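For the record, the sequence lines run as chains Y and A.
Read in order, the letters of the first sequence are residues 99 to 229 in my numbering.
Read in order, the letters of the second sequence are residues 99 to 229 in my numbering.
By construction, the Cβ of each residue, glycine as well, lies at the ideal position given by its N, Cα and C atoms.
Please read all numbers here as calculations on a predicted model, not as lab measurements.
Before any comments, here is the structure.
2 protein chains.
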Amino acid sequence: MISTAKWLDHIKWNPDGLIPVIAQEADSGTVLMLAWMNRNALQQTVTSGEAVYWSRSRRCLWHKGETSGNVQKVRDIRLDCDGDVILLQVEQIGGVACHTGRHSCFFQQLQDDSWVTTEPVLKDPSAMYGL
Amino acid sequence: MISTAKWLDHIKWNPDGLIPVIAQEADSGTVLMLAWMNRNALQQTVTSGEAVYWSRSRRCLWHKGETSGNVQKVRDIRLDCDGDVILLQVEQIGGVACHTGRHSCFFQQLQDDSWVTTEPVLKDPSAMYGL
Numbered sequence: 099m100i101s102t103a104k105w106l107d108h109i110k111w112n113p114d115g116l117i118p119v120i121a122q123e124a125d126s127g128t129v130l131m132l133a134w135m136n137r138n139a140l141q142q143t144v145t146s147g148e149a150v151y152w153s154r155s156r157r158c159l160w161h162k163g164e165t166s167g168n169v170q171k172v173r174d175i176r177l178d179c180d181g182d183v184i185l186l187q188v189e190q191i192g193g194v195a196c197h198t199g200r201h202s203c204f205f206q207q208l209q210d211d212s213w214v215t216t217e218p219v220l221k222d223p224s225a226m227y228g229l
Numbered sequence: 099m100i101s102t103a104k105w106l107d108h109i110k111w112n113p114d115g116l117i118p119v120i121a122q123e124a125d126s127g128t129v130l131m132l133a134w135m136n137r138n139a140l141q142q143t144v145t146s147g148e149a150v151y152w153s154r155s156r157r158c159l160w161h162k163g164e165t166s167g168n169v170q171k172v173r174d175i176r177l178d179c180d181g182d183v184i185l186l187q188v189e190q191i192g193g194v195a196c197h198t199g200r201h202s203c204f205f206q207q208l209q210d211d212s213w214v215t216t217e218p219v220l221k222d223p224s225a226m227y228g229l
């Protein structure tokens with residue numbers, strides 16, 4: 099069911115009905131990831147208190163951590179000045195946001211003219227996803 | 099001139115040739131804004147050491163702070179696991195990232211079912227832009 103809530107109408111959804119969402123770890127300030135939400139995903143995020151994104155590759159709602167257990171408890175939701183970007187403050191359960199098993203998805207650092215992996219793998223992805 | 103650098107080829111540009119870029123204040127951890135870069139903008143960012151974005155509304159390169167003086171000195175550039183989001187660590191000159199005169203663009207907080215402005219205006223926008 100599509101909600102008709104005014105606060106959802108206030109958002110400038112892109113032509114695909116999506117908005118980019120930054121997830122920041124509330125306690126550390128670490129930027130964990132960027133994903134996308136549609137109207138329904140944001141509504142479910144608010145209702146459940148856990149981040150629910152829209153998977154653009156799988157074309158379905160994606161309750162982050164539904165398989166790995168690494169859910170994101172949402173503490174705060176902000177909208178930017180243009181109404182087209184959302185910032186979540188989250189508690190990252192399990193300490194791992196990235197599907198590679200790292201704390202944050204931003205683990206490649208530009209050094210001179212190449213991307214260098216600077217963050218350690220904290221959990222084996224095959225164990226996280228039961229592969 | 100379009101650079102042929104390998105580190106630029108590593109990025110998954112969207113169909114419009116753009117990538118979303120999060121700017122985070124290095125010292126405070128505050129997420130200041132999200133904007134977009136094309137290949138040329140990112141190249142110029144690296145060369146100049148200051149954030150250069152692609153303005154989707156004006157369809158031109160946008161050296162952040164070129165009018166207001168509130169440039170962003172870039173300390174670190176990260177790429178996410180999927181290669182389609184960039185995270186900058188910046189020093190925000192003037193302490194104001196938002197065109198509304200606020201520190202961060204994320205000044206609207208979801209409270210119950212409405213967006214509430216929670217951050218103060220630090221600089222008069224008309225003074226910043228000489229209007």
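Take A:ARG137, set aside five residues on each side of it, and the residues of its chain with a beta-carbon closer than 6 Å to its own are LEU106, in chain order.
Nearest C-alpha to A:VAL172 among A:THR102, A:THR198 and A:GLU148: A:GLU148.
Around the beta carbon of Y:HIS201, 16 or more other beta carbons sit within 10 angstroms, so the residue counts as buried. Between Y:GLY163 and chain A, the shortest Cβ-Cβ separation is not below 8 Å. For A:LEU177, the closest Cβ of chain Y is nearer than 8 Å.
The Cβ of A:ILE117 sits no closer than 8 Å to any Cβ of chain Y.
Around Y:ASP222, the same chain offers GLY199 as residues with beta carbons nearer than 8 Å, after the five sequence neighbours per side are excluded. Here DSSP, grouped into helix, strand and coil, assigns Y:ILE175 to strand.
Assigned with DSSP and collapsed to three states, Y:ILE109 falls in coil, not helix or strand. If you check each beta-carbon in the segment 176-200 of chain A against every beta-carbon of chain Y, the ones closer than 9 Å belong to ARG176, LEU177, ASP178, CYS179, ASP180, GLY181, ASP182, VAL183, ILE184, LEU185, CYS196, HIS197, THR198 and ARG200. Measuring C-alpha to C-alpha distances from Y:GLY192 to each of Y:ASP178, Y:ASN112 and Y:GLY167 identifies Y:GLY167 as the nearest. Listed along chain Y is no residue with a C-beta nearer than 7 Å to that of A:ASP114; the closest approach is about 11 Å. Using a Cβ distance threshold of 8 Å, Y:MET135 and Y:ALA121 do not count as a contacting pair. In the three-state scheme derived from DSSP, where H, G and I count as helix and E and B as strand, A:VAL188 is classed as strand. Under the three-state reduction of DSSP output, Y:PRO223 falls in the helix class.
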